[in-house]
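Numbering (our numbering), first residue to last: 9 to 391. We treat Cβ as the ideally placed atom computed from N, Cα and C, and that holds for glycine. Values in this document were obtained by computation on a predicted structure and should not be read as measured data. Input: a single structure, listed below in C-alpha cells.
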Amino acid sequence: MSTAERLSSFGESVFATWSRVAIENDAINLGQGFPDFAAPDFIKEAAIKAIRDDENQYSRSAGHPKLVEAIAQTFEIETNPLDEVTVTCGSTETIAATILGLVNAGDEVIVIEPFYDSYLACLKMAGANVNIVTLHAPTFTLDETELRNAFSDNTKMIIVNTPHNPTGRVLSKEELGLIAELAIRHDAIVLADEVYDKLVLTGNHIPIATLPNMKERTITLRSLGKVFSVTGWKIGWAVAPPHLTEGIRSAHQFLTFCAATPLQVAAAEALLAPEEYFNSYTAEYTERRDVLVEGLKSAGFQVQSPEGTYFVLADHTPFGFDDDIAFCHHLAKECKVVGIPPTAFYAQSDEGQQYVRFAFCKGVETLKNAVERLQTLRDGVGV
Ligand code: GLN
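Below, the structure is given as C-alpha cells:
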C-alpha cells in the first residue's frame, strides 16, 4: 500500500513540518500562520450560545442561511446569498472544491508563484496542466510580458492571491487590470484568493470581481479565521456567479457536505461586527508588523515592510547560508525561532532560496522575544 501517484510528490505540508520543528526545538513559532493570542470574546460567546441553542446538526450544504445572508450583506458586490455563496471547511476546502468542481483533466491553469501550497496539490488531483508565472524578487511585481505569454485560448483558470501570501504584496490596480483584460480576452475563470482582504495595512485592496465584466467569471475566496483569530474553526467561503457556484457545490457536498453548524451561526454574527472592530484589528496588526520588521532589520535581515497579510519575507543572505532550508534549520536550532522556507511556495524559480517567511500574527511580546533571539545571528557571521 502506498500514497496515490497524484500526491506522492508532495510529501508533508510545509506548515505541519515546521510547526513540528518548532515544538521539537522549543522554539517561537513564526512559521504557520495562526495567532497565539485569544479570539475576541464576542465570537466565542456566539459559538457557545449556538451550541446551547442546539444549532448542532448538519446545516444546509452550501451554508447556514444566516451566514450566507451575512456574507452577501458584507460583500462588495450585490450578491444573491442562496445562489452565489458557498460556505466550506476553511479556504483550503474552497480551493479544493473550486478546482475539483470546475477544472477538467488536461485543462490549463495559470498559477502565480510564490503560491499557497495547496493550489498545486489540488490542481494535480484534478489532472490540470499548470503554467507558472513568477513574481520576481525583490519587488515581487507581476511581469506583463510573462503573464501575456502564459495566457492562451486553452487557459481555463488563473489563480490570483491578493493580499499575497508570502510576499505581503497587495496587487495594484494596473496588475489586476491586466489579469482581468487577459482573462476576458481568453475567456478564463479567475479564482481570486482574498483571504487576507481585511489585513491591508498599507494601500488599497481591490477585489478583482469589482472590475468591469469580471463578476461573471470570478470566484472570490474569503476566510473567517484570519479576521477573528479563529483559524482552527475552518470556516471559509466562495462568492461566485450561479454557473460557477454549481461546480463548487458539486465538489463541496462530497468533500465535507457542510461546515460546523454552530461555528457558522457565530460567524454570521461576527461578520456583522461594528466597524470599530475591524479598525482596531488593522491598527493592532500594523503595530505587530512594525515591531517585527524593525526587529528583523536590526538583526541584520534585508526586509521590505509588507503592505498586507500577516507575513513578511526577509532576505537572509547577509548571514551566508546556502539556502532557505539550511537557514531555517539553523534558526530553529540556534536561535529557537521558526520561520517557513519559501521554496515550498515555488515550482519554477529558485528565487525563494534567499528568503525566510515569518508570520506576525503573534502577541507583541512574542514578537519582541523572537526578535531578541534573532540578534545573535550576526554574531555568527560578523555582519
Ligand atoms: N495559510 C496558513 C499559512 O500560510 C497555513 C494554513 C494551513 O496550515 N493550512 O501559514
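By how many angstroms is the C-alpha of residue j removed from the C-alpha of residue i?
{"i": "V178", "j": "E373", "result": "27 Å"}
{"i": "G390", "j": "E77", "result": "In this predicted model, G390 has a pLDDT of only 43, less than 50, meaning its place in the structure is not dependable enough to derive any value."}
{"i": "S16", "j": "P250", "result": "35 Å"}
{"i": "D151", "j": "T142", "result": "8 Å"}
{"i": "R225", "j": "T253", "result": "11 Å"}
{"i": "Y285", "j": "F353", "result": "32 Å"}
{"i": "F262", "j": "T102", "result": "13 Å"}
{"i": "T294", "j": "T317", "result": "10 Å"}
{"i": "A5", "j": "L128", "result": "This structure gives no information on residue 5, because the portion of the chain shown stretches from 9 to 391."}
{"i": "P73", "j": "H194", "result": "35 Å"}
{"i": "L300", "j": "D62", "result": "43 Å"}
{"i": "R14", "j": "K132", "result": "6 Å"}
{"i": "V138", "j": "A58", "result": "42 Å"}
{"i": "N157", "j": "I118", "result": "11 Å"}
{"i": "F148", "j": "N64", "result": "45 Å"}
{"i": "D135", "j": "M165", "result": "Inspection of the sequence shows that residue 135 is occupied by Gly rather than by Asp. Each residue's alpha carbon lies about 13 Å from the other."}
{"i": "N88", "j": "F329", "result": "52 Å"}
{"i": "I167", "j": "T11", "result": "27 Å"}
{"i": "D115", "j": "T163", "result": "7 Å"}
{"i": "I36", "j": "R28", "result": "12 Å"}
{"i": "I2", "j": "I31", "result": "For residue 2 there is no data in the structure shown, the boundaries of the chain being 9 and 391."}
{"i": "F18", "j": "G233", "result": "25 Å"}
{"i": "L321", "j": "A104", "result": "26 Å"}
Please list, in chain order, all residues of the same chain as residue i whose beta carbon is under 7 Å from its beta carbon, the five residues on each side excluded.
{"i": "T106", "result": "L199, I227, A246 and I256"}
{"i": "G71", "result": "V93, T94, V95, W245 and Q272"}
{"i": "I51", "result": "F236, V238, A274 and A278"}
{"i": "T153", "result": "none"}
{"i": "D34", "result": "K344"}
{"i": "G347", "result": "L38, G39, C336, L339, V364, R365 and F366"}
{"i": "K181", "result": "I214"}
{"i": "D125", "result": "S21, V22, A352 and F353"}
Please return the same chain residues whose Cβ sits closer than 6 Å to the Cβ of residue i, not counting the five positions on each side in sequence.
{"i": "P43", "result": "S237 and C369"}
{"i": "G98", "result": "K242 and G244"}
{"i": "I79", "result": "V93 and W245"}
{"i": "D201", "result": "N169 and L229"}
{"i": "S231", "result": "S99, V203 and G244"}
{"i": "A54", "result": "A274 and E277"}
{"i": "S313", "result": "V301"}
{"i": "I140", "result": "V119, E121, A355 and Q356"}
{"i": "Y66", "result": "C266"}
{"i": "M9", "result": "none"}
Give me, in chain order, the residues of the same chain whose beta-carbon lies closer than 8 Å to that of residue i; leave out the 5 immediate sequence neighbours on both sides.
{"i": "D332", "result": "H324, P349, P350, T351, G360, Q361, Q362, Y363 and V364"}
{"i": "I192", "result": "N221, M222 and R225"}
{"i": "D47", "result": "In the sequence as presented, Asp is not what sits at residue 47; that position holds Ala. Counting only Cβ-Cβ distances below 8 Å, and skipping sequence neighbours, we find F236, S237 and V238."}
{"i": "L219", "result": "L184, G185 and A188"}
{"i": "N287", "result": "none"}
{"i": "K376", "result": "V299 and G303"}
{"i": "D205", "result": "P171, H213, P215 and R230"}
Consider the Cβ of residue i: report whether some Cβ of chain D lies at a distance smaller than 8 Å.
{"i": "L199", "result": "Considering every chain present, this structure includes no chain D. It has just one protein chain."}
Practice task
Check each residue's C-beta against every heavy atom of ligand 1 and list, in chain order, those closer than 5 Å.
Solution key: F23, Q40 and G41
Practice task
Indicate whether the contact test is met: 3 or more Cβ pairs, each with one atom in the region 354-364 and one in the region 330-341, closer than 8 Å.
Solution key: yes
Exercise for the section: Evaluate contact between the region 103-119 and the region 204-219, counting only Cβ atoms and requiring at least three cross-stretch pairs below 8 Å. Expected result: no
Exercise for the section: Spell out a yes or no on whether the region 301-318 and the region 80-90 are touching, meaning 3 or more CB-CB pairs, one atom from each, closer than 8 Å. Expected result: No, because fewer than three Cβ pairs between the region 301-318 and the region 80-90 fall closer than 8 Å, the two stretches do not touch.
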